[in-house]
Structures are given as C-alpha cells and as structure tokens.
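Trainee: One structure follows; several queries about it will come next.
There are 2 protein chains.
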Amino acid sequence: MEELHKQIILNAFKDAELSEEHAQDFLGLWKPVSISKHTLMTEVGKVERRFYVVIKGVQAVYLLDRKGNKVVIGFSFDGSYSGIYDSFVDREPSGYFLEALTDSELYYITPDEYDALFDKYPGFDRWGRIVHGFLLKGRVQRELEISTLTSEERFKLFMKRCPQQLRQIPQKYLAAYLNMTPETFSRLMNSVTW
Amino acid sequence: MEELHKQIILNAFKDAELSEEHAQDFLGLWKPVSISKHTLMTEVGKVERRFYVVIKGVQAVYLLDRKGNKVVIGFSFDGSYSGIYDSFVDREPSGYFLEALTDSELYYITPDEYDALFDKYPGFDRWGRIVHGFLLKGRVQRELEISTLTSEERFKLFMKRCPQQLRQIPQKYLAAYLNMTPETFSRLMNSVTW
DNA sequence: AAGCTCTGTTGATCTGTATCAAGATTTCAC
DNA sequence: GTGAAATCTTGATACAGATCAACAGAGCTT
C-alpha cells in the first residue's frame, strides 16, 4: 500500500489512537478497489458488505421519492468514510443507493472485520462513540437547515462551505442534496451573490 | 428509590448489560427532580448539566427560527432519555431549549458521572454505540420525511404512530414538530382520516 | 467531427402551504 | 365561577418554489 494511502486511512481513524504495531496490523485489513463513474456501489434492497475509506473521487448516497426523483442524503470524497453504514452494521437491506459520481479509488473492510475492530483494538469504542456523536450532530444540523431556511438561504450557506471536490459534479446532485429542483438551483446560481 | 423507578432507569440502559452489583451501584447515581409545567429546563446559550431519564411527563426540545417561531426537534416522555445531549457531553452552550410541557418527574446524573460510566462499567461503550446508532438512524429517517413528504403525508404518518403521551399536549407543538403551522395542522385534523 | 444524450438556462404557469384575520372554544388563575 | 389568556378553527389572500416547456450548450461515443 502506498504511504499516502496509509496516511489517509490512519487519519480517518485518528480518534482510535492506535499504537504503532496496531496501526500496521490495522492497515493490513484494507483492500483497495477502483470504481468507475456512474457505478452503483450499493442498491436499495441489497445488503452493504463494505465499509470504505475514500482515496479519490466523489460518491453520493440517495434514494428515490415517490415521483422517482433522487433525494441526496450526503456525499463522500477523499478522506471520508463511505458506504451505507446502517445496512453494513446491521446486515440489513439498504434503504439507499450509493453511486460513484466520478471515477473513484477506495479501500474497504468487511462487516466481520469491522466488528472485530472493537475487540482487537482498545481505542475503537472511543472512535465509535466520537464518530457517531459527530454524525448525529451533523444530521440534526442539516435537518434544521432544511426545515427552517428558504431555498436561497440554503443555497448561500452551501456555496459558502462547499468543498472543492463537489464543484466537479453535476449541479443537479447539489440541488437534490439541498432539497430543491435543478431549475431553482440554476436560477439562484445566476442571480444570487454569495 | 421506588422499585418502579428503578425498573424504568435500568430498562433505559438494558443494552449496557450491567451485572447485578453494578446495577445497584449505578442506580445510586441518579437523583430525582420534579419540574412543573412550562418550566424551561435548559435555555439556548447555557450549558446542559444534566442527563435525564423521564419517569413522568412530556418535554420538548426546540429552538426559535428567525421569525421567532418554535421549531420542535423532538419530544421525550416516560422511559425516554431527556436533556440537551451534545451540550451535556461537550460542556458547550446549548443551541436548544428544553421545556417541560407537563408536570414532570425525572432522574438525572451530571457530566462527570456520565463520563465515569464508560470507565466504571464494561458494557457502557456498547450502550453508547447502540444508542448513538439508533438515534442517528432516527434522525436520518426524520430528515427524509421532512424533505420528501407533503404536510398531509407527514400528518397521517405521525398520527398513525403518535404515542399516547403526546396526545395530551397542545397541537401547536405537534405542528411545530411536523414543520407546519398550527392552522395547517388544524385543517388536516378536521379534514383527513388516518 | 457529427450526432446523441445529458445538463443547464430561462420563461410561463400552477399549487401547497404560509400568512393574515376574526371568531369560537378551552384552559387557567384568582 | 368569572374574566383573561391561550388555543383551535375557518376563511381569504399571497407567494415561494414546483412544474411544464423549449432551447442552448457540454460532453461522450463511434
């Protein structure tokens, strides 16, 4: 494994505070995979079998509403975790799609390997608590933004903090993430300063 | 402490799988408190100093949007946890209000006592992971319901699974939880069958 | 490079829900 | 129990943003 890739993976788990030996052992679990643009990595109804760390590329988690429109829950990109976490942990069918929006390189581990982390390495429960807490806070934040802000406010806020990686993907995915139509997104893009 | 109260608290922590002795020790941490209707238990800007288990009554977590309207994030009632969790854990000022909507009886522990649980009792990290995962799943679910369903659909869904405890509180809180005005809630209440 | 598909732009119209308003009803305090 | 305050109901109106539609570019594919 490339040194840079090791750094990216270890950095994603820095809260586990792994010892030097544990870190080397841990890195040995991760298997590389390349996914090309537009590939569905997980589909609704199938069980997620991989927990990923992203090296390169952008992926989106979404589902379809009753009219067939994509509703984007979130994105992942270099340095992020990726995968359908609840399906992965519970071995239950996924309620979401996971799609590579650009050509991507990732590393992954399996459910059994994931479960074993908590027994093998003493710092992992701590990692789990911190990551869960962080995710939870983010979800509540987003819920509030959706329910209290206007389209224009959500747009401005998003553009202000939009990471560089998301600027390369089609606008319609950003619109679907911000709960507005591509038309509304386009109008804001061309009329609002941020 | 009443036997019934012990049962309620232990049941809220059943995932920690405490031994008999640990359970008795653990119960000793909890302090009872009675709160009367309309009391603000936590305010925006103040740090939450208590993690509660509810014995009786209904409480709401909310904040005010820029027009001053309450936006309700969630409710707690008998058997639930209560408190502003992220403020409590991080010792940071709360972004939310916590209000008793009815006369309430609760038990609580302090931040230091909470932190110590994870060192004292081996099953507590497991409890933490399970509870966080459960909460996270619920938040994503709600986010989706807000962003994909119409007011009427949210109303029907809510009424179908509305716990008995929430039927005693004013409708305007339910409306604020469902992201609609009290007028819209009232109209649905009197026109829709569920 | 020509053709096709996907994506983005812009305009016209429609619609669900908020807002404003005025009464009716319930709840609460003294 | 009586008055005041809070809550709920119902109607009229307004508006943000969706929908429908038509076209203009971009980007792939062969």
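So the sequences go chain by chain: A and B. Mind the numbering: the first sequence is residues 1 to 194 in the working numbering, read in order. Mind the numbering: the second sequence is residues 195 to 388 in the working numbering, read in order. Idealized CB from N, CA, C, for every residue including glycine. Just so we're clear, the structure is a prediction, and the values are computed from it rather than from any experiment.
Comparing the C-beta of histidine 326 of chain B with each C-beta of chain A, is any distance below 7 Å?
Mentor: Against the second sequence, residue 326 of chain B aligns to sequence position 132. Yes - at least one Cβ of chain A is within 7 Å of the one on histidine 326 of chain B.
Trainee: Counting only Cβ-Cβ distances shorter than 8 Å, please list the residues of the stretch 335 to 346 of chain B near chain A, keeping chain order.
Mentor: Residues passing the 8 Å Cβ filter: Arg336, Glu337, Leu338, Ile340, Ser341, Thr342.
Trainee: Using CA atoms only, rank isn't needed, just tell me which of A:Ile73, A:Gly83, A:Tyr52, A:Leu117 is closest to glycine 138 of chain A.
Mentor: Counted from its first residue, the first sequence places residue 138 of chain A at position 138. It is A:Ile73 whose Cα lies nearest to the Cα of glycine 138 of chain A.
Trainee: Starting from serine 34 of chain A, follow the alpha helix (DSSP H) in both directions and report where the run begins and ends.
Mentor: Taking the first sequence and counting its residues from 1, the one referred to as residue 34 of chain A is at position 34. From DSSP, serine 34 of chain A is part of no alpha helix (DSSP H) but of the beta strand (DSSP E) over 31 to 35.
Trainee: Flag glycine 128 of chain A as yes if its beta-carbon sits less than 7 Å from any beta-carbon of chain B, otherwise no.
Mentor: Counting from 1 along the first sequence, the entry for residue 128 of chain A is found at position 128. Yes, because at least one Cβ of chain B sits closer than 7 Å to the Cβ of glycine 128 of chain A.
Trainee: Measure the CB-CB distance between proline 55 of chain A and isoleucine 8 of chain A and report whether it falls below 7 Å.
Mentor: One-based indexing of the first sequence puts residue 55 of chain A at position 55. One-based indexing of the first sequence puts residue 8 of chain A at position 8. Here the sequence assigns isoleucine to residue 55 of chain A, which means proline is not the residue at that position. Cβ distance < 7 Å, so isoleucine 55 of chain A and isoleucine 8 of chain A count as in contact.
Trainee: Quick check on the DSSP output: what are the complete beta strand (DSSP E) runs of length 3 or more inside the stretch 248 to 288 of chain B, in order along the chain?
Mentor: Listed in chain order, they are 253 to 258, 264 to 270.
Trainee: Report the three-state DSSP secondary structure of tyrosine 395 of chain B (helix, strand or coil).
Mentor: This structure does not reach residue 395 of chain B, given that chain B is present from 195 up to 388, and the question cannot be answered.
Trainee: So serine 147 of chain A and asparagine 263 of chain B are supposed to be a Cβ contact under 8 Å. How far apart are they, rounded?
Mentor: Indexing the first sequence from 1 puts residue 147 of chain A at position 147. Indexing the second sequence from 1 puts residue 263 of chain B at position 69. Their Cβ separation, rounded to whole angstroms, is 11 Å, which puts serine 147 of chain A and asparagine 263 of chain B out of contact at 8 Å.
Trainee: Would you list the one or two residues that DSSP bridges to serine 40 of chain A?
Mentor: In the first sequence, the residue the question calls residue 40 of chain A occupies position 40. According to the sequence provided, residue 40 of chain A is leucine. The question's serine does not apply to it. BP columns for leucine 40 of chain A point to A:Glu99.
Trainee: Closest to serine 213 of chain B by CA distance: which of B:Lys354, B:Leu330, B:Gly317 is it?
Mentor: Looking up residue 213 of chain B in the second sequence gives position 19. Comparing Cα-Cα distances from serine 213 of chain B to each of B:Lys354, B:Leu330, B:Gly317, the minimum goes to B:Gly317.
Trainee: Output the boundary residues of the alpha helix (DSSP H) element that contains tryptophan 141 of chain B.
Mentor: Only positions 195 to 388 of chain B appear in this structure, which leaves residue 141 of chain B out of reach.
Trainee: Tell me which same chain residues have a C-beta within less than 6 Å of the C-beta of glutamate 293 of chain B, skipping the five on either side of it?
Mentor: For the purposes of this step, residue 293 of chain B is identified with residue 99 of the second sequence, where counting begins at 1. For glutamate 293 of chain B, where only same-chain residues beyond five positions count, the Cβ hits under 6 Å are Leu234, Ala254.
Trainee: Please confirm whether lysine 120 of chain A has its beta-carbon closer than 7 Å to some beta-carbon of chain B.
Mentor: Looking up residue 120 of chain A in the first sequence gives position 120. False, the Cβ-Cβ gap to chain B never drops below 7 Å.
Trainee: In this structure, does DSSP put tyrosine 367 of chain B in helix, strand or coil?
Mentor: Walking along the second sequence from the start, residue 367 of chain B turns up at place 173. DSSP places tyrosine 367 of chain B in helix when its eight states are reduced to three.
Trainee: Go ahead and label histidine 38 of chain A buried or exposed: buried means 16 or more other beta carbons lie within 10 angstroms of its beta carbon, across all protein chains shown.
Mentor: As a first step, residue 38 of chain A is located in the first sequence; it is residue number 38 there, counting from the start. That one is exposed.
Trainee: CB aspartate 125 of chain A to CB aspartate 284 of chain B, shorter than 7 Å?
Mentor: Along the first sequence, one-based indexing puts residue 125 of chain A at 125. Along the second sequence, one-based indexing puts residue 284 of chain B at 90. No, the pair does not count as a contact, with Cβ atoms beyond the cut-off.
Trainee: Taking buried to mean at least 16 other C-beta atoms within 10 Å of its own C-beta, is glutamine 165 of chain A buried or exposed?
Mentor: Residue mapping note: residue 165 of chain A aligns to position 165 of the first sequence, counting from 1. Label assigned to glutamine 165 of chain A: buried.
Trainee: Once the 5 residues before and after aspartate 297 of chain B are set aside, which same chain residues still bring their CB inside 8 Å of it?
Mentor: Position 103 of the second sequence, counting from 1, holds the residue named residue 297 of chain B. If we look at aspartate 297 of chain B and ignore the five residues flanking it on each side, its Cβ neighbours are Ser228, Ile229, Ser230, Lys231, Lys250, Gly251.
Trainee: Just mark serine 191 of chain A as buried or exposed, buried being the case when its beta carbon has 16 or more other beta carbons within 10 Å.
Mentor: Counting from 1 along the first sequence, the entry for residue 191 of chain A is found at position 191. Serine 191 of chain A is exposed by the Cβ-count criterion.
Trainee: Please state whether DSSP places tyrosine 315 of chain B in a helix, a strand or coil.
Mentor: The count along the second sequence starts at 1 and reaches residue 315 of chain B at position 121. It is coil, neither helix nor strand.
Trainee: Can the beta-carbon of alanine 206 of chain B be found closer than 7 Å to that of valine 241 of chain B?
Mentor: Position 12 of the second sequence, counted from the start, is the residue given in the question as residue 206 of chain B. Position 47 of the second sequence, counted from the start, is the residue given in the question as residue 241 of chain B. Result no, Cβ atoms of alanine 206 of chain B and valine 241 of chain B do not sit closer than 7 Å.
Trainee: Would you say arginine 139 of chain A faces chain B, with C-beta separation under 7 Å as the test?
Mentor: Within the first sequence, the letter at position 139 stands for residue 139 of chain A. Yes - at least one Cβ of chain B is within 7 Å of the one on arginine 139 of chain A.
Trainee: Looking at the structure shown, is phenylalanine 207 of chain B part of a helix, part of a strand, or coil, going by DSSP?
Mentor: As a working mapping, residue 207 of chain B is identified with position 13 in the second sequence. Reduced to three states, the DSSP call for phenylalanine 207 of chain B is coil.
Trainee: From the DSSP output, read off the bridge partner residues of phenylalanine 51 of chain A.
Mentor: Against the first sequence, residue 51 of chain A aligns to sequence position 51. In the DSSP output, where bridge partners are listed per residue, phenylalanine 51 of chain A has A:Ile109.
Trainee: Using a Cβ-Cβ distance under 7 Å, would aspartate 125 of chain A count as near chain B?
Mentor: Position 125 of the first sequence, counted from the start, is the residue given in the question as residue 125 of chain A. By this cut-off, aspartate 125 of chain A is an interface position.
Trainee: Interface residues of chain B around isoleucine 73 of chain A at Cβ under 9 Å?
Mentor: As a working note, residue 73 of chain A is residue 73 in the first sequence. Val334, Glu337, Leu338, listed in chain order.
Trainee: Checking contacts by CB at 7 Å: is leucine 212 of chain B closer than that to chain A?
Mentor: Residue mapping note: residue 212 of chain B aligns to position 18 of the second sequence, counting from 1. So, not an interface residue.
Trainee: Examine the Cβ distances between the stretch 16 to 31 of chain A and the stretch 105 to 123 of chain A and report whether three or more of them are shorter than 8 Å.
Mentor: The stretch 16 to 31 of chain A vs the stretch 105 to 123 of chain A: in contact.
Trainee: Is the CB-CB distance between valine 44 of chain A and serine 94 of chain A below 7 Å?
Mentor: Indexing the first sequence from 1 puts residue 44 of chain A at position 44. Indexing the first sequence from 1 puts residue 94 of chain A at position 94. Going by C-beta atoms, valine 44 of chain A is nearer than 7 Å to serine 94 of chain A.
Trainee: What is the DSSP secondary structure of threonine 387 of chain B, counted as helix, strand or coil?
Mentor: Numbered from 1 along the second sequence, position 193 holds the residue referred to as residue 387 of chain B. Note: threonine 387 of chain B maps to coil in three-state DSSP.
Trainee: Can you give the Cα-Cα distance for alanine 370 of chain B and glutamate 377 of chain B, rounded to whole angstroms?
Mentor: Reading the second sequence from its first residue, position 176 is the one you call residue 370 of chain B. Reading the second sequence from its first residue, position 183 is the one you call residue 377 of chain B. Taking the straight line from one Cα to the other gives about 11 Å.
Trainee: Tell me the DSSP secondary structure of serine 345 of chain B in three-state form.
Mentor: In the second sequence, the residue the question calls residue 345 of chain B occupies position 151. Correct three-state label for serine 345 of chain B: helix.
Trainee: Run through chain A and tell me which residues come within less than 8 Å of asparagine 373 of chain B, C-beta to C-beta.
Mentor: In the second sequence, the residue the question calls residue 373 of chain B occupies position 179. In chain order: Ser147.
Trainee: Checking contacts by CB at 7 Å: is aspartate 280 of chain B closer than that to chain A?
Mentor: For the purposes of this step, residue 280 of chain B is identified with residue 86 of the second sequence, where counting begins at 1. Output row for aspartate 280 of chain B: interface = yes.
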